[in-house]
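Before any comments, here is the structure.
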C-alpha cells in the first residue's frame, strides 16, 4: 500500500518491517479531522487521490487464529464522492509533516494540552499497525493485515476499524505513496510484482472510538449536526487516569515537572542533558517554539535542502535538526536525547565536540548560520558588483543592498531572523562619509555599567614619618595603572622629590610589583590588597631598595618547637649605602616608629629594649654564634614554620635579621658588627625580620597588619542596583563611537587607515528579533560576568523610535516569547529557557524537566538571550 526505496527491497524481511530513514512516516487519520486542519493550517490546498476500498476478514474459525488476516482491495476512484454514496468511513493517509502540523493546529484551536499515555495496558490513540501489500488484479492494490504480524490487541483494533458494515470505505492519499504505484506500473517495486509483498509500519491516530467497538464516525457526526457543534478530535486523557479514553476536559498542568508523566504534552518535551549540553538544550527549545520554525520544520522542509553549498554541511545539520524538531513535537514523546544532533553538529563544528560547557548565544548564532547554509534555496550564487550610490536616496540604496543579499541568500532563516543595519563611518581627518547596509541576525547589546571604579590602597612612608593611611580613589574602570598612580599621588599630596612604588601584598609578602604604567587596571581584582610606598626619587645607582618582611613566634614559651608565622605589611625603604648589619637594624627601627605603643599601652617591661644595652649586645653575640641559625633558615614560603632550637627564644629581646637570597628559599643571618655580605649586584634586598615575643608587645602589630581590600563587597552595605532598561542597552549599542587602533578603517579619500567614528542604525527589522545581552566580557587578562537586572518589556517592545527607515510600513512592535537564562559565574554555570507555548502560558525548560511558570517570574537578572516576535 505504501512505497519503499529500492535499497529496502534487497534487505531481509525483518529489516523491511521498518520504513527507511529517508522515507516519510505515514499516518492514517479521519478525513474530516484532516480537512478541518488543512483549511486553516496550510497555505495551499493539498490535493488527495481517492481510493475506494473494500475489506473482509479471512474465513477462519475465530479471530484468535494466528492465520487471521484482513484483506483490503484498493481501487482508484477519480469520481467525486456524494452524500448518496454508501461509504461509512473516510480516512486520510498523511506523511509525517502533514500530520504533525495538523495535530498542532487542532491542539492550538482547542487550547488544551494533549497527554498521550504509552502504557501497554492502555488503549492508545496513536499506535502502529504492520501491513503487507501486493499487486492484485486489474492493477488494484491488495493490503493485508495479518494477526501473525501484529499483537492481538492491535489486530483486534484493526478489525474494528477496517471490517466495517458493508465492507467498503474510502482512503484519500495525500502522501503520494499509493498514487505513484497506481499511476505507472514502472514505479511498482519488484517485490510487489513478484507477489512477495512488502511490509510497512503505519501509524493510526484518532481512531480509538472505532477501535472501542463504536461506529464513532456515524454516531458522532449525527450528534454534532443535531447540536450544531464542531466535534472534538484531540486526545486528552486525565493526568492521573489510565483509562485511555478520549476526553475533551481541559487539562491544567500542576506545578510539577511534566517530564515525570508517562507522556508529555505536545511541544512540551524535555531534552536530556548528555554532558554539559544545557547550553545547547536551552537554545534548541527556543527555536523549537518559534512559530515560523514550527510550521516550517513540521512541514516539508526537505525540499529546500542544499547539498551543493560549499558553505553548508551537505544538508546533514538541517536534517539532524529537523529530525530532533519533529521528535520534540511528536505526540506522547518522552524526554529526547539529542545524541544524533550533537554528533552531526560536532562533525562540522569541532568546537562543540566533547562535553565542555559553551556559550549558548554563540551556539545559537552558529546553528542559525549553519541551518541557513543547509537550507539556502540559492543553488548557484551570482556575482554582484556593488555600484556607487552617490546622490541616491537612502531607501533605494538600502533596497538594492537587500536585493543583492537575497540574490545570494534565501532561506527560512533569512525570511525570519535577518534584518538590516545602516552603518555610517566618518573619517576624522578628511570628514568623508561611507554608508553601507549590512544584514544582521541578532543584536548584541552592551549593558550600560558605570565607567569608573573605586579602589582603596594603603599608603606607607619609607622614612617612618607617618602612620599607614588608607586612601580611596576613583579611576576609569577600563583605565591603566598610570591612572591609579596619578590618582593616589594627588590624594596623598606627593612631593616633587618623591615617587610611588605600587605593590600587591599576599600572605604578608610582596606578591608582585605594579611597575608598568601601561598595564590595565582590570587585572587587579577587588579582593587584592595594594600598598603604595612613598619613596625618594632615586638619583644615584648606588642605592638599594630594601624590603623588610616579618615573622613572629606563634606558640607558648614552653613549647620545645618554635612555631613561626608570617604577619604584617612588608616595609620598603631606600638606603644609599650599607656597610654592616647594624645599619639594617637602625633603618628598620626607624620605619617602626609610627607603630610604637605609648607607655600606658605597653603591658610588659620595655626598659632599655631599644637601646644599645648590654642585653642587646649579648643578643648580637648569640646571633653571631649561629645558635639561632636553625629557625632563621626555615622555609619562608609556608605561612607556618616549625623548627627545633636549643634554648628559650623568648629570652632574646631583640629583633633578628636575615638576608634572603634572590630566587631561593635560603637565608643568611645578618651579624650586627660585621660587614654585610651581599649575594650579587642586585640593588634590591629582601630582609626577614624575626620578632621576639617582647617586641610584639611593644608595637601595634594589629595596625602593622591592617591592609584593606581594593573593594570590600558586602551584602549588607551594598546599595540595591537600579534596573537597567532594555531601551538604554539599545541606545548604548546605537550610539556613535570611535573605532579602536585594532579596528581602524581604510579611508578611500586619505588612502590611510583611520580611527573613524562609527554609527549603527536599525534600517530593516526581522520577523523574529534575537537580543543578546552582553553579560560576559573577556580579554587577555580578565574575565567577568555582569549580574545586572535588565528590565525588558514582554508585551510591547516598540522600536519605532530606533528604526531610521521612516518609509517602512512594517510593524516595529514586538512581544517576548522565549528567554535563555544563565545562572552562575564564569567558572561554572547552568542554562535554562523560558518559553511561551500554545495558549500563551509560560514554561521553564530545564533540560529534561519542563515546568509551568507564572509570567511574573520570567524577568530575572539571569536573562541572557531574549527572543521577540513581531506583532
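In UniProt numbering, the protein residues as written are 1 to 871. All C-beta atoms, glycine included, are put in the ideal place defined by N, C-alpha and C.
Residue i versus residue j - alpha carbon distance
{"i": "residue 574", "j": "residue 498", "result": "12 Å"}
{"i": "residue 48", "j": "residue 25", "result": "17 Å"}
{"i": "residue 865", "j": "residue 547", "result": "51 Å"}
{"i": "residue 667", "j": "residue 658", "result": "6 Å"}
{"i": "residue 773", "j": "residue 444", "result": "6 Å"}
{"i": "residue 747", "j": "residue 740", "result": "15 Å"}
{"i": "residue 512", "j": "residue 506", "result": "9 Å"}
{"i": "residue 896", "j": "residue 723", "result": "The chain is shown only over 1 to 871; residue 896 falls outside these bounds and no answer can be derived."}
{"i": "residue 409", "j": "residue 362", "result": "21 Å"}
{"i": "residue 860", "j": "residue 159", "result": "56 Å"}
{"i": "residue 515", "j": "residue 381", "result": "56 Å"}
{"i": "residue 442", "j": "residue 71", "result": "57 Å"}
{"i": "residue 761", "j": "residue 392", "result": "18 Å"}
{"i": "residue 202", "j": "residue 418", "result": "39 Å"}
{"i": "residue 730", "j": "residue 295", "result": "31 Å"}
{"i": "residue 481", "j": "residue 427", "result": "31 Å"}
{"i": "residue 665", "j": "residue 549", "result": "14 Å"}
{"i": "residue 683", "j": "residue 488", "result": "26 Å"}
{"i": "residue 692", "j": "residue 552", "result": "6 Å"}
{"i": "residue 554", "j": "residue 564", "result": "6 Å"}
{"i": "residue 171", "j": "residue 50", "result": "6 Å"}
Sequence-distant residues of its chain with Cβ nearer than 6 Å to residue i (five each side left out)
{"i": "residue 54", "result": "73, 167, 168"}
{"i": "residue 30", "result": "206"}
{"i": "residue 249", "result": "Interpretation of residue 249 is limited by its pLDDT of 26, a score under 50 that renders its predicted location unreliable; the figure taken from the coordinates is listed afterwards. Hits under 6 Å: none found."}
{"i": "residue 416", "result": "292, 767, 768"}
{"i": "residue 379", "result": "308"}
{"i": "residue 413", "result": "368, 371, 372"}
{"i": "residue 776", "result": "785"}
{"i": "residue 501", "result": "533, 535"}
{"i": "residue 590", "result": "464"}
{"i": "residue 807", "result": "395"}
Cutoff 7 Å; reference residue i; Cβ partners in own chain excluding five residues on either side
{"i": "residue 315", "result": "305, 306, 307, 374"}
{"i": "residue 34", "result": "92, 94, 102"}
{"i": "residue 479", "result": "521"}
{"i": "residue 830", "result": "278, 823, 824"}
{"i": "residue 728", "result": "448"}
{"i": "residue 743", "result": "none"}
Anticipated Cβ contact below 8 Å, residue i with residue j, distance rounded
{"i": "residue 352", "j": "residue 324", "result": "With 8 Å as the limit, residue 352 and residue 324 do not qualify as a contact, their Cβ atoms being about 15 Å apart."}
{"i": "residue 788", "j": "residue 449", "result": "7 Å"}
{"i": "residue 285", "j": "residue 803", "result": "About 29 Å separates the two Cβ atoms, so there is no contact after all."}
{"i": "residue 468", "j": "residue 456", "result": "The Cβ separation is near 12 Å, so there is no contact."}
{"i": "residue 925", "j": "residue 395", "result": "Because residue 925 is not part of the residues shown, which for the chain are 1 to 871, the question remains open."}
{"i": "residue 876", "j": "residue 580", "result": "No answer is possible for residue 876: the residues shown for the chain start at 1 and end at 871."}
Limits of the beta strand (DSSP E) - the one that residue i falls within
{"i": "residue 761", "result": "757 to 764"}
{"i": "residue 584", "result": "Unbroken run through residue 584 is the alpha helix (DSSP H), 581 to 592; no beta strand (DSSP E)."}
{"i": "residue 690", "result": "684 to 691"}
{"i": "residue 280", "result": "Element bounds for residue 280: not the beta strand (DSSP E) but the alpha helix (DSSP H), 278 to 288."}
{"i": "residue 512", "result": "509 to 514"}
{"i": "residue 668", "result": "667 to 669"}
{"i": "residue 789", "result": "Residue 789 -> no beta strand (DSSP E), and no H or E assigned at all."}
{"i": "residue 869", "result": "863 to 870"}
Host alpha helix (DSSP H) of residue i (start-end)
{"i": "residue 341", "result": "339 to 348"}
{"i": "residue 324", "result": "316 to 329"}
{"i": "residue 706", "result": "Counting along the chain, residue 706 falls outside any alpha helix (DSSP H), and DSSP gives it neither H nor E."}
{"i": "residue 394", "result": "394 to 408"}
{"i": "residue 730", "result": "726 to 734"}
{"i": "residue 161", "result": "152 to 162"}
{"i": "residue 291", "result": "291 to 297"}
{"i": "residue 548", "result": "No alpha helix (DSSP H) contains residue 548, which is instead part of the beta strand (DSSP E) from 544 to 553."}
Residue i beta carbon near the ligand SAM (any heavy atom closer than 8 Å)
{"i": "residue 57", "result": "With respect to the ligand SAM, the structure shown offers nothing to examine, as it has no ligands at all."}
Beta-carbon contacts of residue i that lie in its chain and below 8 Å, excluding the five residues immediately before and after
{"i": "residue 273", "result": "281, 847, 848"}
{"i": "residue 348", "result": "313, 316, 317, 370"}
{"i": "residue 710", "result": "455, 456, 457, 524, 525, 526, 527, 528, 529, 530"}
{"i": "residue 163", "result": "55, 56, 57, 70"}
What beta strand (DSSP E) runs, 3 residues minimum, are completely inside the segment 791 to 857? Segments of the beta strand (DSSP E) lying fully in the segment 791 to 857: 813 to 824, 829 to 837, 841 to 846, 849 to 853.
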